[in-house]
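In full-length UniProt numbering, the protein residues as written are 1 to 299. Just so it is clear, CB atoms sit at the ideal spot from N, CA and C, and this is done for glycine as well. First comes the structure, then the notes that go with it.
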Ligand SMILES: [Zn+2]
């Protein structure tokens, strides 16, 4: 299964990530790098990633440390993988020097700026690729949203992860300003009574058509994922996603969360959204910026 063009429409600038450095886990085993030239590509390989760029102004080692650190943390927190284990198939990360080059290689519009490209089948991931086009400050960014899609594929390679979970979890990686914008979208849709039902969200397989509907889909997915993590845990959310595929939504809700129906989930979630009004802008983590959030669309 090839998932080129995993709808991203994202441009997440994680400007502060390099400053944080590796996590404690990563510090215990300092990553190793191999740098070489492959035709027109400057290549840097870390334990799990192979970065390729035609630009010579990238601090690739810093980028690699950020990716490796995020991978370690994500696998521990979301997938429950405590031990370090490298992919036998590294994730290729293409960083293009221009939007034109990015668009030519991916077939996507320049405004998407990044995408995950995966081949999944027979219970394994047979290709992992990330494509990014950077300019200006974007050159120092790590697009955690797309990396999250790649990391989730390890868990969901027997069957497709529900789309709302895939996006909802990926948006958790974005942190504040964009989440705040999505929250505003959510609240407006609730006020306008244009928000789809949770039953519709959970039973859907694709992205709704139209930019506005797509934004509402992202907003609702992110909020529901956030709520369920609050009610259970990160790992419980992925367990729920798996069980919805295996035994249906109603049974999965009862087994994982003790919730008797989708209607009850909907009322509980709406009460939480209204009462807690989560994901306000938090200046303490405002190093995260997201460009052109309006570019997030369904195609
Ligand atoms: Zn996405």
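Nearest-angstrom Cα separation, counted from residue 110 out to residue 226: Put simply, the backbone Cα of residue 226 is about 30 Å away from that of residue 110.
Residues in its own chain within less than 6 Å of residue 151 by CB, not counting five upstream and five downstream? So the qualifying residues of the chain are 74.
Do the stretch 171-189 and the stretch 255-272 meet, that is, are 3 or more Cβ pairs less than 8 Å apart? The answer is no - the stretch 255-272 does not touch the stretch 171-189, with fewer than three Cβ pairs under 8 Å.
Going straight from the alpha carbon of residue 159 to that of residue 245, what length do you get? 8 Å
Helix, strand or coil for residue 244, going by three-state DSSP, please let me know. helix
Does DSSP put residue 58 in a helix, in a strand, or in coil? If DSSP states are grouped into helix, strand and coil, residue 58 belongs with coil.
Outcome for residue 161 when other beta-carbon atoms lying within 10 angstroms are tallied against a minimum of 16: buried
Residue 166: CB within 8 Å of a non-hydrogen atom of ligand 1: yes
Are three or more beta carbon pairs between the stretch 235-245 and the stretch 211-219 nearer than 8 Å? Contact fails between the stretch 235-245 and the stretch 211-219, because fewer than three Cβ pairs, one in each stretch, are under 8 Å apart.
Looking only at C-alpha atoms, which of 208, 40 and 273 sits nearest to residue 228? 273
Are at least three pairs of beta-carbons, each pair with one atom in the stretch 95-110 and one in the stretch 50-59, less than 8 Å apart? yes
Where residue 166 falls, given that 16 or more other Cβ within 10 Å makes a residue buried: Label assigned to residue 166: buried.
For the alpha helix (DSSP H) containing residue 227, name the first residue and the last one. 211-231
What does the Cβ neighbour count give for residue 148, buried or exposed, with the cut at 16 atoms within 10 Å? buried
Under the rule that 16 or more other beta-carbon atoms within 10 Å means buried, what is residue 145, buried or exposed? Burial call: buried.
Leaving out five residues before and five after residue 71 in sequence, what residues of the same chain have Cβ atoms less than 7 Å from its Cβ? 48 and 151
7 Å Cβ shell around residue 77 - same chain, five flanking residues per side excluded: Excluding positions up to five away in sequence, the list reads 234.
Would you give the residue range spanned by the alpha helix (DSSP H) that residue 101 belongs to? Where residue 101 is concerned, the enclosing alpha helix (DSSP H) stretches over 99-106.
Buried/exposed call for residue 276, threshold 16 Cβ in 10 Å: exposed
Residue 149: CB within 8 Å of a non-hydrogen atom of ligand 1: yes
Looking at the secondary structure, which residues open and close the alpha helix (DSSP H) in which residue 203 lies? 198-203
Identify which residue in 88, 268 and 105 has its Cα closest to the Cα of residue 124. 88
Below 8 Å, is the gap between the Cβ of residue 222 and the nearest heavy atom of ligand 1? Residue 222: no, Cβ never under 8 Å from ligand 1.
In the DSSP assignment, the beta strand (DSSP E) including residue 45 goes from what residue to what residue? 41-45
Quick one: Cα of residue 185 to Cα of residue 249, how far? 26 Å
Please classify residue 214: is it buried, with 16 or more other beta-carbons within 10 angstroms of its beta-carbon, or exposed? buried
Beta carbon of residue 224, beta carbon of residue 201: below 9 Å? yes
Closer than 6 Å by C-beta to residue 173: which residues in its own chain qualify, once you throw out the five before and the five after it? Chain order, please. Within its own chain, the residues whose Cβ lies closer than 6 Å to the Cβ of residue 173, once the five positions on either side in sequence are excluded, are 144, 145 and 148, listed in chain order.
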